[in-house]
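With the working numbering, you'll find the sequence shown wraps up at 1244, consecutive numbering, no jumps. Don't be surprised by glycine CBs; every beta carbon is placed ideally from N, CA and C. This report concerns only the one structure given below.
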Amino acid sequence: MRLRVSSLVAIAVAVLLAPAPDTRAATLLFSSGFEGDVVLAPPNGRWQQIVGGDSVTGATWPARLWAGSTSIDLLTGGGGPSGVIANSIETVTGHDGRPTRALRLNVLRKNSGATQSALLLLPRREPSAFYISLWLRLPANLGQLLGPGGWAAINPAWKTRGDFRVGTVIEVDSDGTPYWRMRWDTNANGDVPLRVLWDQTNRSVPVPQGEWFRLEFFTRRGATDGRAWLKLNGRTLFDHTGGNIGVNNAPIDRIFLGTSYGSRPYDVLVDDIQIWDGVPGETATSSDR
């Protein structure tokens, strides 16, 4: 097939004018291990701020990403936090065996089913994609604390402004063995009827108890090609692709970085949080930014 010179010129011009693909590497947006002058401010109503500068990473709390901020939500289920929630930043033995400062989210008593202490990132401008890495340490007797049929929320996770949620819980079998469960549903504190859109369990990867473990969590939003995956110490727990935009097209307004929330009271240690606009080491497309 022959092409006229004018056609070849038109094709060349179109190629030159076409937007170049975005091949930028993912960018680290925030990193902190609560070192240096990072402290917990006194509770202010249902909220408690983390403030101060991290002497190791140079980050400053509260983290201000996507035009939002971070705060700990103290949902006591009635009354003030005294005797119900007792959070702290304290020096403990870290995941590398050396002393480290870590955030302890600690629910002492359940006033209601909603009683929890949750470290939230509260974006005002929705990220189309993000990656979170952090280290957690659960109680050594978590399965016994929760009991058969018990559960504990595990983060990272997220909710929209009322119509979609991607969340993971640890559930306990009848024999007292904890296991993982991820669910995509409409339970986002809105008026949308509850629907479970995807639900999967993982019993092959044990739940670490009494030891540090690293969780990595990635989300990309999409009407049909949305994705979320969760890894434990590099092993994939869940990886699902599908629509993760709700019926109201509501934006993500809560990203859970850590929480103490379950069927019974317990505490969890959180350390070395990293937040990226894509998966480290991979290129980020324009849809991921």
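What does the Cβ neighbour count give for residue i, buried or exposed, with the cut at 16 atoms within 10 Å?
i: Gln1229; result: buried
i: Val1234; result: buried
i: Pro1078; result: buried
i: Glu1045; result: exposed
i: Asp1118; result: buried
i: Val1225; result: buried
i: Thr1132; result: exposed
i: Asn999; result: exposed
i: Arg1176; result: buried
i: Thr1055; result: buried
i: Gly1236; result: exposed
i: Leu1060; result: buried
i: Leu1170; result: buried
i: Gly1181; result: buried
i: Leu1058; result: buried
Which partner residues does residue i have in the DSSP bridge list?
i: Arg1182; result: Arg1175 and Thr1196
i: Phe1168; result: Leu1091
i: Gln1071; result: Leu1030
i: Tyr1086; result: Phe1173 and Trp1231
i: Gln1004; result: According to DSSP, which records beta bridges pairwise, Gln1004 is partnered with nothing at all.
i: Ala1057; result: Glu1045
i: Gln1155; result: Met1137
i: Ala996; result: Ala996 is not bridged to any residue.
i: Glu1126; result: Trp1106 and Tyr1134
i: Phe985; result: Ile1230
Below 8 angstroms on the Cβ atoms is my guess for residue i versus residue j; work out the distance and round it to an integer in Å.
i: Pro1111; j: Leu984; result: Incorrect: roughly 14 angstroms between the Cβ atoms, too far for contact.
i: Thr1012; j: Gly988; result: 7 angstroms
i: His1050; j: Trp1167; result: 4 angstroms
i: Trp1135; j: Ile1125; result: 6 angstroms
Under 7 angstroms Cβ to Cβ from residue i, same chain only, skipping five residues before and after it: list those, please.
i: Trp1184; result: Phe1173, Thr1191, Phe1193 and Asp1194
i: Pro976; result: With a pLDDT of 43 at Pro976, under the threshold of 50, the predicted position of this residue should be treated as unreliable, though the coordinate-derived value follows. Answer for Pro976: no residue qualifies.
i: Pro1036; result: Pro998 and Leu1029
i: Arg1064; result: Gly1038, Val1039 and Pro1220
What does a CB cutoff of less than 8 angstroms around residue i pick up in its chain, not counting 5 residues either side in sequence?
i: Thr1147; result: The sequence shown places Val at residue 1147, not Thr. Excluding residues within five positions, the ones whose Cβ falls inside 8 angstroms are Gly1117, Asp1118, Thr1141, Gly1201, Val1202 and Asn1203.
i: Ala996; result: Gln1003, Gln1004, Ile1005 and Val1006
Leaving out the 5 sequence neighbours to the left and right, which residues in its chain are closer than 6 angstroms to residue i when beta-carbon positions are compared?
i: Trp1153; result: Trp1139 and His1195
i: Gly1023; result: Leu1077, Pro1078 and Arg1079
i: Asp1009; result: Ser987, Glu990, Gly991 and Val993
Inter-stretch contact at 8 angstroms, needing at least 3 Cβ pairs: the stretch 1189 to 1199 / the stretch 1084 to 1093: no
Any 3 or more C-beta pairs closer than 8 angstroms across the stretch 1095 to 1104 and the stretch 1214 to 1221: yes
Three or more C-beta pairs below 8 angstroms linking the stretch 1187 to 1194 and the stretch 1159 to 1174: yes
Meets three-Cβ-pair contact criterion under 8 angstroms: the stretch 1014 to 1033 and the stretch 1060 to 1074: yes
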